[in-house]
Structures are given as structure tokens and as C-alpha cells.
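*Asks:* So the sequence shown is numbered by this note's numbering: it starts at 8 and just counts up by one. Where is the CB? At the ideal position from N, CA and C, for every residue including glycine. The model shown is predicted, which means the values in this text are computed figures rather than measured ones.
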Amino acid sequence: MKSTAQNNSSQEGQRVLPRHLGIIMDGNGRWAKKRGLPRSMGHRAGAANFKKIIRYCNSIGIECLTMYAFSTENWKRPKEEVGALMVLFKQYLKDALKEFLKENVQVRFIGDSSVFDEGLQTLIRKNEELGRTKNGMILNIAMNYGGRAEIVQAARSLAKQVQAGTRKPEEITEEALSQQLYTAGQPDLDLVIRPSGEYRISNFMLWQSAYAEYIVMDILWPDFTPENLEWALDEYANRNRRFGGV
Ligand code: IPE
Ligand code: IPE
Ligand code: MG
């Protein structure tokens, strides 16, 4: 029987990159605290780094990148912090994303954007429309995203199809459910990097990360550099993925 093991180094000895990379951008608050600054300044520094790392991923040929920017649980934070994050999102959708679009990046948003204010929703829509005309790296920006909410939403739409008689219950397969997720058509996550030293998933892409490699790094997100990313990519390339096989 064919082995399911996947050696991450290609036969030519070239390093194999993850097709789909996810980054949990964590540690902005601690970065600010260490400097005696308000948390919002940490988010500002994190947003600047977001731009730098995305550009770097695009330059090295990552096919698909998902950046976790705001979770469905982050609304629990103080009103001022959430407000500051929304202001930052607007600024970034106006400036940085224009640049990504110039670089042929397919910008997409994953998560429930219907709760954002009208201005932010318009920016999201505009960026997505422009993103659809590109064919470079796919960039999923996860905003008001939760892995559980995503699966619930997928289950609901499958249930509606069954109710309408367009799908049989036996036709609810892993493939069918995958096709209802925000990431339909994209490869599953190969690698998830979490800076800030926290060993947890925090509701990030629960379905898509079933066999993803995890790398936790003891660096706060605003300090995370392309060199740190290179280190993680080397580590990934040296891992032996078995997918349950031998
Ligand atoms: C991540 O940094 C940014 C968001 C969740 C929006 P944090 O704000 O969680 O930073 P820490 O974890 O408190 O340091
Ligand atoms: C995860 O970070 C969410 C994002 C980075 C957007 P959190 O800081 O919200 O996660 P917890 O609370 O430490 O698990
Ligand atoms: Mg955090």
C-alpha cells in the first residue's frame, strides 16, 4: 500500500513551502505593555508588521495566506480597544490593501462582516471586488472570524439544501462541508504559526487545520520578522508529515 507520509523536502533537495500558511497575530497588547504604552499602540505596531509579513510571503511564493486579525471572541475586550481596532482596520483597508492589490494579491475576507459598521463593510466589499480581478497569492483576512461559527454556518446551509430536497443526508460528506466554508476551493492549512508563545488554537480554522503543522514562537507579533518566518519555514520543511499513515 502506498505510504501517506510526506517528506517536506523535495527530491531536488529544495525546501518545500506550505501551500497554505496561517498566522495567528498575537502579542500586540504585551508588546505595548512592555513599553508602557496603551494596547492600541501595540495594535498599531502589529498592523504595520501585518503589511510587512504579507509582502514577504507574496515575494517568496506562498500560494495562500490566512491572517487572523479579529476573532468572534475579541468583542469581549474593552469598548475602547475594540473601537481602536476598528479604526485601524479602516485605515489598513484604505492604504495597505491598495498596495497588495498592486502586487496582484487576491484579497479576501473571512468571518461575519455583517456586524461591522457601514463604512468598514463598504471597504471590505470594494477590496474584495478588486481582489477578484487578481490572480496572485490568496490573502484571507480573518475578521470577526471563529472556526466554530464557520462550521455552524456550513452545517446550516447543508441542512437547508436537504430541507429543500436538493441534497440527500448521505451526500453530506467532508468534501461537501469543506465547500461551504469561507475557504472553499483553497487547500487545507499546512502550517499555522502562532507568535507570542501561547500554545492554543483560539478558534482558528478548526476544520482546515486538521493536519496542519503547528509552530509556536516566543516572539510578540509586532517584533516578528521575515527572518523569524524563514526559521519557521525551515522548521516546517524538516517535519515529516504522516497524515495518520506511516
Ligand atoms: C493580538 O494581540 C491582536 C488581536 C487579538 C486583535 P493581543 O491584543 O491579543 O495581544 P496580547 O495577547 O494581549 O498580548
Ligand atoms: C487570537 O488571539 C485571536 C487573534 C489573534 C485575532 P487572542 O489573544 O484573542 O487569543 P487568546 O484569548 O489568548 O486565546
Ligand atoms: Mg492575545
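How many angstroms separate the CA atom of residue 64 from the CA atom of residue 240?
*Replies:* 11 angstroms
*Asks:* For residue 162, which option in 214, 120, 138 and 249 has the closest C-alpha, if you only look at C-alpha atoms?
*Replies:* Among 214, 120, 138 and 249, the Cα nearest to that of residue 162 is on 214.
*Asks:* Quick one: using the 10 Å Cβ neighbour count with 16 as the cut-off for buried, is residue 46 buried or exposed?
*Replies:* buried
*Asks:* Starting from residue 35, trace the alpha helix (DSSP H) in both directions and tell me its first and last residue.
*Replies:* 35-41
*Asks:* In three-state terms, what does DSSP make of residue 74?
*Replies:* strand
*Asks:* If you draw a straight line from the C-alpha of residue 237 to the C-alpha of residue 246, how long is it?
*Replies:* A straight line joining the alpha-carbon of residue 237 with that of residue 246 spans about 14 angstroms.
*Asks:* State yes or no: is the C-beta of residue 33 nearer than 6 angstroms to some heavy atom of ligand 3?
*Replies:* yes
*Asks:* With distance defined between alpha-carbon atoms, name the residue in 30, 25 and 22 nearest to residue 208.
*Replies:* 30
*Asks:* Here's the rule I'm using: 16 or more other beta-carbon atoms within 10 Å means buried, otherwise exposed. How should residue 22 be labelled?
*Replies:* Residue 22 is exposed by the Cβ-count criterion.
*Asks:* Which value, in whole angstroms, describes the spacing of the CA atoms of residue 37 and residue 53?
*Replies:* 11 angstroms
*Asks:* Just the C-alpha distance for residue 186 and residue 160, rounded to the nearest angstrom, thanks.
*Replies:* Each residue's alpha carbon lies about 12 angstroms from the other.
*Asks:* Using CA coordinates, which residue listed in 50, 112 and 59 is at the minimum distance from residue 89?
*Replies:* 50
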